[in-house]
Amino acid sequence: RQASELTPEEKRKAARMINLIEEKINRGHTEENPILRGRSVFNGKVQQGMYAKEETASSTCSHDAFFLTSLVDISQKRDVAITDIKGAYLNARMKG
Numbered sequence: 003r004q005a006s007e008l009t010p011e012e013k014r015k016a017a018r019m020i021n022l023i024e025e026k027i028n029r030g031h032t033e034e035n036p037i038l039r040g041r042s043v044f045n046g047k048v049q050q051g052m053y054a055k056e057e058t059a060s061s062t063c064s065h066d067a068f069f070l071t072s073l074v075d076i077s078q079k080r081d082v083a084i085t086d087i088k089g090a091y092l093n094a095r096m097k098g
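Dropping the structure here:
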């Protein structure tokens, strides 16, 4: 649907993106020849209070637990892979 077709309530609940563009001067780049980097970030503030924390929170391990697990992996020569599914949070189905 187009934004013009949304009700005021639907617009209020809509997820907003914050687009950031920054100028980087490093690795051989100068002020005259900078590199521009951009990223988009989800602004979840508009959805605060719409869902109970228990419904949206995900567990996170402590730094100590992460490092201890890593030490065990290394000592036992385990194969380990880490991945991040970009946008999975934004594409999750939500009630509402």
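To get our numbering, take the position in the sequence shown, counting from 1, and add 2.
Just so you know, even glycine gets a beta-carbon here, dropped at the ideal spot from N, CA and C.
According to the Cβ coordinates, are residue i and residue j closer than 9 Å?
i   : j   : result
I23 : L38 : yes
K15 : Q49 : yes
Under 9 Å between C-beta atoms, does residue i make it to chain B?
i   : result
A59 : As a matter of chain content, chain B is missing from the structure shown, which is built from one protein chain.
Using CA coordinates, which residue listed in the options is at the minimum distance from residue i?
i   : options               : result
G40 : K47, Q50, S60 and K26 : K26
F68 : V82, A59, K47 and E7  : V82
Among the residues of its own chain, which have a CB less than 8 Å from the CB of residue i, if the five just before and after it don't count?
i   : result
N45 : A17, R18, M19 and I20
Does DSSP classify residue i as helix, strand or coil?
i    : result
K26  : strand
S61  : coil
R136 : Since the first residue of the chain shown is 3 and the last is 98, residue 136 is not available in this structure.
R3   : coil
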